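Using the numbering used here, the letters of the sequence shown map in sequence onto residues 1 to 231.
Where is the CB? At the ideal position from N, CA and C, for every residue including glycine.
Just so we're clear, the structure is a prediction, and the values are computed from it rather than from any experiment.
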Amino acid sequence: MQRNFIYFPTEPVKHGFDEMVFENDNETIKTILLNKGHDKAILYFGGNAETVAFTAFDFVDELTSYTIYLINYRGYGGSSGSPDESALFSDALTLYDSLSITHSDVFVIGRSLGSGVATYLAAERPVKKLVLITPFDSIQSIAQKQFPFYPMPILLKDKYNSVQFVANIHAATLMLVAENDNVVARIHTNNLVQAFVNIPPEVVIIKGAGHNDISQKKDYFQLLSSFFKSQ
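Right under this line is the structure:
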């Protein structure tokens, strides 16, 4: 039952945006497609209970210079299958490889659970720019602190051990941290920051933000836009 504590699949909702469907491992992965026709793309991996169709309403207005793909994980938003770590990692590689054919650059954003997917992708592919929002060192580490008497390295199926992947990341990286994050303790983010060995990440703490409302703060999209525009 442990995956029931990690994944909270969302139902499809009516949204009015375009969609693009990808196939991988005989599964159908739906993405919300925004601002078609731009040379540069943003690939977005959301949180574990995030309805990305709702996220789209802000993205479409704030990042108009990029074609944006908001991923519905397996089992989320009409995508087939069931979510697990290896499946989400495989889908991320497939989506990136497909988009890199039609776009000159593919920037990657990962929020919360999605930061684990995005970190893995950036370690495996030549991502130029990476944004990690409310990121963590590993789900294994978080779970071990919450349940110290259980051997999480043995019991946990989906570890999202981002701290082990970052040594292979050469992308310029921005981390957005919520000042009042009550889900990911600061130590788990700090551990991830310290693991970067190639290009130190830029870390910005958004004042007054919590884990779930960080994207509602006025600095959020300003920081994203400035980072993607920077050389």
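Phenylalanine 45: not part of any alpha helix (DSSP H); member of the beta strand (DSSP E) spanning 40–45, first to last residue.
In this structure, serine 225 keeps its C-beta atom at 9 Å or more from the C-beta atom of histidine 188. A contact between stretches requires three or more CB pairs, one per stretch, nearer than 8 Å, and the region 128–138 meets this requirement with the region 103–115. A Cβ-Cβ separation of about 14 Å leaves leucine 93 out of contact with tyrosine 69 under the 8 Å criterion. Among the bridge pairs identified by DSSP, lysine 129 is matched with Ala172. Taken atom to atom, the span from the alpha-carbon of alanine 178 to that of valine 203 is near 11 Å. In the three-state reduction of the DSSP assignment, glycine 114 falls in the helix class. Secondary structure of aspartate 213 (DSSP, three-state): coil. The Cβ-Cβ distance between threonine 55 and asparagine 35 does not fall below 9 Å.
According to DSSP, residue pairing for valine 108 in a beta bridge involves Leu43 and Leu130. The residues Lys40, Ala41, Ile42, Leu43, Tyr66, Val127, Lys128, Lys129, Leu130, Val131 and Phe228, in chain order, have a CB closer than 8 Å to that of phenylalanine 107 in the same chain once the five nearest residues on each side in sequence are set aside. DSSP, read as helix, strand or coil, puts lysine 145 in helix.
The beta carbon of histidine 15 sits closer than 6 Å to the beta carbons of Ala53 from its chain, once the five residues preceding and following it are set aside; these are given in chain order. Proximity of the region 166–175 to the region 140–147 falls short of the contact definition, fewer than three beta-carbon pairs being nearer than 8 Å.
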